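One structure is given here, and the rest of the page talks about it.
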Amino acid sequence: MASIADFFSGQHRACDLVFEDMEDAVGSADWPRATELYQQLSRDTLQHFSNEEEGLFPLFEDKTGMQAGPTQVMRGEHAELRELLQRLGEAVESRDQDAVLGTGETFFLFLQQHNVKEEQVLYPMADQVLQDSLGELAQRVAGFPAGD
Ligand SMILES: [Fe+2]
Ligand SMILES: [Fe+2]
22 MASIADFFSG QHRACDLVFE DMEDAVGSAD WPRATELYQQ LSRDTLQHFS NEEEGLFPLF
82 EDKTGMQAGP TQVMRGEHAE LRELLQRLGE AVESRDQDAV LGTGETFFLF LQQHNVKEEQ
142 VLYPMADQVL QDSLGELAQR VAGFPAGD
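Remember, this note's numbering sits 21 above the position in the sequence shown when you count from 1.
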């Protein structure tokens, strides 16, 4: 049986690795590589947020009737994280090493706190309540394993 926690936590790990590679590239002032890695980080992170906001969260909200619960908090944090990601991109574009590392640290810490809440609370709850909705989730989220 496909696991929501495994799939979505795996996307967190993948984004973390790209972020770390980007920091390394910035540390060695390899700006073309840093730019490429930032673009990958941005694309993957925004895709993951969409997977949650348009796939996982609506199904969770429908099933539990909790519209103003944890998913609303997570949506609010996504908005803040999108802003930080944008600022990080501007720092990369201007090749400002201090700004990239400073904004990057703020972004990454906030992202880790956000991810922990999802991994420890939301995803396990979703795995419990959405066992009958995994096929629908697979239709909304690219790459989510359909069927079992
Ligand atoms: Fe999230
Ligand atoms: Fe997430």
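Cβ atoms here follow ideal geometry from the backbone N, Cα and C, with glycine treated the same way. Note that this is a predicted model, so its numbers are computed, not measured.
Here L105 carries a helix assignment [DSSP, helix/strand/coil]. For F129, the distance from the CB to the nearest heavy atom of ligand 1 is not below 8 Å. The beta carbon of N72 sits closer than 7 Å to those of V162, all from its chain and outside the five residues before and after it, given in chain order.
A direct Cα-Cα distance of roughly 34 Å separates L151 from E126. For R116, no alpha helix (DSSP H) encloses it, and the DSSP letter there is neither H nor E. A contact between stretches requires three or more CB pairs, one per stretch, nearer than 8 Å, and the stretch 118-125 fails this requirement with the stretch 90-103.
The DSSP assignment places 52-71, 78-85 as complete runs of the alpha helix (DSSP H) inside the stretch 49-103, in order along the chain (cut-off: 4 residues). With a cutoff of 9 Å on beta-carbon distance, M43 and L67 are scored as not near each other. Taken from the Cβ of Q32, at least one heavy atom of ligand 2 lies inside 8 Å.
Distances from the CB of F28 to the heavy atoms of ligand 1 are all 8 Å or more. In this chain, the alpha helix (DSSP H) harbouring G156 covers 155-161. Remark: the C-beta of F70 is in contact range of ligand 2, defined as less than 8 Å to any heavy atom. DSSP, reduced to helix, strand and coil, places F165 outside both helices and strands of the structure shown, so it counts as coil. Around the CB of G76, 16 or more other CB atoms lie within 10 Å, so the residue is classed as buried.
Inter-residue distance for K84 and T124 is about 37 Å (C-alpha atoms, whole angstroms).
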